[in-house]
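Chains as they are written, first to last, in this note's numbering: chain A, 1 to 150; chain B, 151 to 563. Note that beta-carbon positions come from the ideal geometry of N, C-alpha and C, so glycine has one too. A quick note: this is a predicted structure, and the numbers were derived from the prediction, not measured.
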Amino acid sequence: MLPFKLPPQILRLVLVAMAIVGSYFAARSFLVPPSFGEYGWYRGDALGEIASRTPVFAGKQACDECHSEILHKLAADKHKTLSCEGCHGVSREHSNNPDVLPVKATGSHCIRCHEANLARPAWLKQIVVKDHYGPKCTECHVPHQPSKTP
Amino acid sequence: MINEVTNLVVEALPQVQGYVYPNEANVHPVWSVLIVIYPYITGLVAGAFIMASLVRVFNVKALAPVYRLSMLTALAFLLCATLPLLCHLGHPERNYEVMMTPHMTSPMAIFGFVYAWYLMAVLLLELWFDFRQDFVRWSKTTPGFQGLIYRVLTLGVTDLSEKSVRLDMKMEWVLSIIGIPSAFLLHGYVGFIFGSIKANPWWGNVLMPIMFILSAIVSGIALCVFNYIVLSWIRRKAVDMRCLDAMAMFLFYALVVDAVIEGLDVFHRGFAAEEGFAVLQTMIREKLFYTLNIGQAGIGTLLPLVMLGSLQLLRKRVPEAARRTMIFFSGAMILFGVLMMRWNVVMGGQFFSKSFRGVMSYKTEFAGQEGWLLAAVIMCLPPIILTVLVKLFLSDSKELQPSEHLPEPSAKT
């Protein structure tokens with residue numbers, strides 16, 4: 001056998017260490033997800049799982065079918081670069097079934113873009129809401145045609 | 151969803167001053183209070199271990215009564231060290247995945263190796279060798295479930311001959327020599343994680359690992375002082391003043407070095423006054439005023455320095471009870487101050503914009519996955535584990551001493 005004898009406590013520790021390492025590799029063989037590392041340091045199946053989720057946004061084109069008038073209005077004014085769902089929220093369900101109404105667009109969401117902030121580009125018109133005329137933006141501004149007044 | 155985003159902005163905007171990039175403005179610091187207590191806990195582990203090594207490696211006899219207590223303290227805290235990270239990552243139930251697929255190029259992932267090495271190869275082994283004789287003895291005398299635990303812990307080796315005990319002691323000595331650099335590595339690595347972020351002037355700093363290690367030593371010794379006094383108080387046993395004075399002395403020296411290095415860091419930054427210095431000043435003067443100047447520097451450093459320093463000068467003339475109280479309170483204040491230091495490091499680096507021209511703030515939430523309630527619960531776990539360990543392994547105060555048969559001088563050479 002061995003040319004020299006390991007002291008008993010060291011021998012036990014070596015055995016325990018081997019058992020730990022062994023069970024680690026055994027655990028690895030069934031705990032590592034099968035598709036791991038297929039493309040990179042992640043589960044390959046994750047891509048398929050994410051792609052198979054149902055989208056919630058519809059896109060501007062989808063609204064054209066029923067609200068083309070608003071689309072034209074919007075395209076003619078300063079808010080032309082904005083997407084409808086940027087203000088109205090996810091509306092795929094609504095455009096498939098108009099009975100489901102989109103979330104009510106409240107005035108406070110205008111300040112997401114218009115509240116004064118040094119980091120915003122200067123060409124974007126900004127206000128300090130506290131000092132502006134009032135909190136209900138739509139009383140004085142038409143959201144789809146911001147340069148017009150109602 | 152749109153309302154959630156809106157509300158986030160409406161709440162976040164008033165908390166922002168100066169020039170903050172839009173994508174920074176609506177998120178509070180990503181590294182929450184959980185990331186504050188994580189380096190705190192690992193620091194306590196490393197510090198407690200280094201103090202215990204003073205007994206083994208440098209043969210400081212006066213500290214022998216706290217050797218085992220500080221080793222078990224290190225173990226109890228190390229067992230909980232990863233909890234804050236797991237909770238912070240959001241899916242604690244998937245924690246094994248990171249161990250099953252270790253990544254070799256991510257500094258964060260390498261932490262798994264550092265941690266495993268320190269826990270398995272250093273701390274547990276050293277404790278096992280130290281307690282082996284006792285395990286064998288207890289396993290013969292203790293009945294029931296507790297006896298079964300001891301029997302399992304002997305790993306079936308009952309050899310208590312002179313030769314094998316001497317081997318135990320030798321192994322322990324070797325292990326604590328490996329252990330000191332490992333403990334430095336464990337906590338130096340935490341400092342490295344911050345110090346290597348060169349885009350962040352509050353963190354990116356080569357002194358960071360050193361400051362982390364020094365504050366770890368300070369907090370670890372303070373924790374051992376604290377635990378020792380509390381344990382003696384619970385057991386209504388007299389505190390060994392020789393041991394306590396020795397701990398206070400080491401605590402004082404460690405604190406002096408720590409304070410000097412941290413002061414040097416401040417001086418260095420002030421003199422170099424690099425690009426981000428203005429925003430660092432804002433941090434010190436406004437955002438972190440209470441936690442840094444009062445918590446870390448005042449309560450955590452200056453007061454204990456004065457108290458411990460005067461004890462060094464007037465040791466003989468201060469009555470024992472007063473000395474004990476002073477040491478106890480310095481320990482408690484240091485523990486608090488180091489927690490503040492971790493807060494200042496972790497939060498300070500996130501309070502200012504990447505533009506260096508604006509600052510944000512952080513409102514700690516109470517409940518929730520990143521709330522301070524969870525942080526408090528995690529901080530309560532190690533003392534509970536420690537209580538169990540002390541009940542199991544240190545039930546008799548004689549056992550506070552390390553096993554005898556320290557390596558004989560002749561055997562060492």
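Residue j beta carbon less than 8 Å from that of residue i
i, j, result
"S503 of chain B", "M497 of chain B", "no"
"Y190 of chain B", "A202 of chain B", "no"
"F57 of chain A", "V90 of chain A", "yes"
"L536 of chain B", "A226 of chain B", "yes"
"A196 of chain B", "G370 of chain B", "yes"
"D280 of chain B", "E312 of chain B", "no"
"M490 of chain B", "T432 of chain B", "no"
"A404 of chain B", "V368 of chain B", "yes"
"C230 of chain B", "I484 of chain B", "no"
"D408 of chain B", "S365 of chain B", "yes"
"L303 of chain B", "F199 of chain B", "no"
"T149 of chain A", "C140 of chain A", "yes"
"V495 of chain B", "F261 of chain B", "no"
"P135 of chain A", "K78 of chain A", "no"
"G338 of chain B", "F362 of chain B", "yes"
"Y378 of chain B", "L544 of chain B", "no"
"A119 of chain A", "V429 of chain B", "no"
"V207 of chain B", "S326 of chain B", "yes"
Local Cβ density within 10 Å of residue i, reported as buried at 16 or more and exposed below that
i, result
"W41 of chain A", "exposed"
"K437 of chain B", "buried"
"Y39 of chain A", "exposed"
"L143 of chain A", "It should be pointed out that residue 143 of chain A corresponds to Pro in this sequence rather than to Leu. It counts as buried."
"S256 of chain B", "exposed"
"M1 of chain A", "Its pLDDT being 49, under 50, M1 of chain A is placed unreliably by the model, and the measurement read from it follows with that caveat. Answer is exposed; the Cβ neighbour count stays below 16."
"P242 of chain B", "exposed"
"G518 of chain B", "exposed"
"G300 of chain B", "A small fix is needed here, since residue 300 of chain B is Tyr in this sequence, not Gly. The residue in question, Y300 of chain B, is buried, as its Cβ has 16 or more Cβ neighbours within 10 Å."
"L461 of chain B", "buried"
"F402 of chain B", "buried"
"Y268 of chain B", "buried"
"R392 of chain B", "exposed"
"G445 of chain B", "buried"
"C66 of chain A", "exposed"
"C84 of chain A", "buried"
"F376 of chain B", "buried"
is_contact[residue i, chain B] using C-beta, thresh 8 Å
i, result
"L172 of chain A", "Examination of residue 172 of chain A is not possible in this model, given that chain A is present from 1 through 150 alone."
"R12 of chain A", "yes"
"A119 of chain A", "yes"
"V100 of chain A", "no"
"V16 of chain A", "yes"
Proximal chain A residues relative to residue i, where beta-carbon distance stays under 9 Å
i, result
"D318 of chain B", "Q9"
"M258 of chain B", "Those do not exist, as M258 of chain B stays about 13 Å from chain A at its closest Cβ, beyond 9 Å."
"R282 of chain B", "Q9"
"S314 of chain B", "P7, P8, Q9"
Proximity test, Cβ basis, 8 Å: residue i and chain A
i, result
"H241 of chain B", "no"
"V429 of chain B", "no"
"L325 of chain B", "no"
"V183 of chain B", "no"
"G590 of chain B", "Shown here, chain B extends from 151 to 563; a query on residue 590 of chain B therefore has no answer."
"V170 of chain B", "yes"
Contact list for residue i against chain A, beta-carbon separation under 7 Å
i, result
"T251 of chain B", "V32, F36"
"Y246 of chain B", "L31"
"V307 of chain B", "P8, Q9, R12"
Listed by chain order, chain B residues near residue i by CB distance under 8 Å
i, result
"R28 of chain A", "M250"
Test: residue i CB closer than 8 Å to a CB of chain E
i, result
"S52 of chain A", "Of the protein chains in the structure, A and B, none is chain E."
Distance cut-off 7 Å: residue i Cβ against heavy atoms of ligand 2
i, result
"W267 of chain B", "Inclusion of ligand 2 in the displayed structure is not the case, the ligand content being empty and no account of it being possible."
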